[in-house]
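First residue of the sequence shown: 439, per the working numbering; consecutive thereafter.
Presented below is the structure to which this report refers.
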Amino acid sequence: MRDLYEVLGVSKTASQDEIKKAYRKLARKHHPDANPGDAAAEERFKELQNAYDVLSDPEKRQQYDRVGPRMFEGAQAGGPGGFQWSGNIGDLGDLGDLFGGLFGRGGGGGARARSRGQRGADVGVTLTLSFEDSLRGLTTKIPVELETACSTCKGSGAEPGTSPIICPECRGRGVTSEDEGFFAFSRPCPRCGGNGTVIEKPCRTCGGSGRERRTKRYSVKIPAGVKDGTQIRLKGKGESGYGGGPPGDVIVTTRVTPSPLFERRGSDLVIEVPVTYAEAALGAEVEVPTPGGRISLKVPPGSKDGKLLRVRGQGAPKLNGGGKKGDLLARVRLDVPTKLTKAEREAIEALGKASNRDVRERLRA
Ligand SMILES: [Zn+2]
Ligand SMILES: [Zn+2]
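Pasting the structure below:
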């Protein structure tokens, strides 16, 4: 078995940073996804992983410096499965990104699947907004209840002042080997559950889990133009990952209280504009509200009930549209008076004689 420092090509006094850099460089080169079908590259990659696993963990590195490759005796028996993962692999989040970026989603997923690190859960929260706020946008604080690293032990699970020790059963490998005559089997270490470390004095706050439920308050920026059901992702603000895995996200879903005036249609806003018979017949200028204030709307002569008039750029802001807005769609609604004075009645009767002639013409055809 080669010396671990030699495998990574670093000196025995290399800093954690140098070790990480050397590992990343070599891992890119020898990653199985970059060398499909190359068994030698795969072996080399496993060797790299093992070296990094030990040297990136200060405690395991200390142990290795003390006892050297003897650290792996017994466990190195090489069962039918061949190489076994040993212990936690540090900064998996980083690695996932590294391979994800290099080899596309499949590569990233593969790297993660082969590791112990597990991404923390996403947490969904709902934020209710007034219609006006949905158009204006706002920055607000939201409470999110989630499971995060225990604040007492900083996620280690060990009582402050103590730290997890290398598992004496598997000597930090996370697997144990048993000789069964001809074969040797590797299985997850029963003492540490494959973690490679055990906690002697569990943290009193979290009972050794390293996790705690807390309500965090996040500031969230709601962009102008969100709709009912728009989702905003706060990356990395979700639950803590497991075994060095990355945290999940917080997903904020907006609920928008309906407006009594406007109906949302994409980034357009529909509003009903009541007009009198005279205004519809003769045309008129009527005042209508928009999100930005009242405007004057020209109702053309001869407008029928239900006619849609489009006012460009007076609708809702387009989400991430750089200030662009949709349109206001004004729907003409003929308002029929329910109470009439004598004079009004006479005027309408006269109008009726003049204009009712052709109304039902098309029913005769
Ligand atoms: Zn704790
Ligand atoms: Zn163990």
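Glycine is no exception: its CB is placed at the ideal position from the N, C-alpha and C atoms.
With fewer than 16 other Cβ atoms inside 10 Å of its own Cβ, Glu583 counts as exposed.
In the DSSP annotation of this structure, Ala768 is not part of any alpha helix (DSSP H); the continuous beta strand (DSSP E) holding it starts and ends at Leu766 to Leu772. Summarising the contact set, residues whose Cβ lies nearer than 7 Å to any heavy atom of ligand 1 are, in chain order, Cys588, Thr590, Cys591, Gly595, Cys641, Thr643, Cys644, Gly648 and Glu650.
Beta-bridge analysis with DSSP links Leu584 to Arg652.
Along the stretch 686 to 747, the alpha helix (DSSP H) occurs as fully enclosed runs of 4 or more residues at 715 to 720, listed in sequence order. Its chain contains Cys588 and Gly595 as the residues whose beta carbon lies nearer than 8 Å to that of Ser647, once the 5 sequence neighbours on both sides are disregarded; these appear in chain order. From the listed residues Ala719, Leu486 and Gly764, the smallest Cα separation to Leu707 is found for Gly764.
Rounded to the nearest angstrom, the gap between the Cα atoms of Asn633 and Gly681 is 8 Å. Following the DSSP letters along the chain, one finds Ile457 inside the alpha helix (DSSP H) bounded by residues Gln454 to His468.
Between ligand 2 and the CB of Gly612, the shortest heavy atom gap is smaller than 7 Å.
Remark: C-beta atoms of Thr590 and Pro598 approach each other more closely than 8 Å. Under the three-state reduction of DSSP output, Pro755 falls in the strand class.
The DSSP-derived three-state label of Ala596 is strand.
Straight-line spacing of the CA atoms in Leu746 and Ala719 works out to 15 Å. Restricted to the stretch 473 to 506, the alpha helix (DSSP H) segments that are unbroken, complete and at least 4 residues in length are 477 to 493 and 496 to 505, listed in chain order. With 5 Å as the limit, the residues whose C-beta approaches a heavy atom of ligand 2 more closely than that are Cys605, Glu607, Cys608, Cys627, Arg629 and Cys630, in chain order. The continuous alpha helix (DSSP H) containing Arg574 extends over residues Phe569 to Arg574.
Rounded to the nearest angstrom, the Cβ distance from Glu585 to Arg671 is 18 Å, too far for a contact under 8 Å. The three-state reading of DSSP puts Lys659 in strand, counting E and B together. With a cutoff of 8 Å on beta-carbon distance, Val713 and Val726 are scored as not near each other. Between the stretch 554 to 561 and the stretch 687 to 697 there are three or more inter-stretch CB-CB distances shorter than 8 Å, so the stretches are counted as touching.
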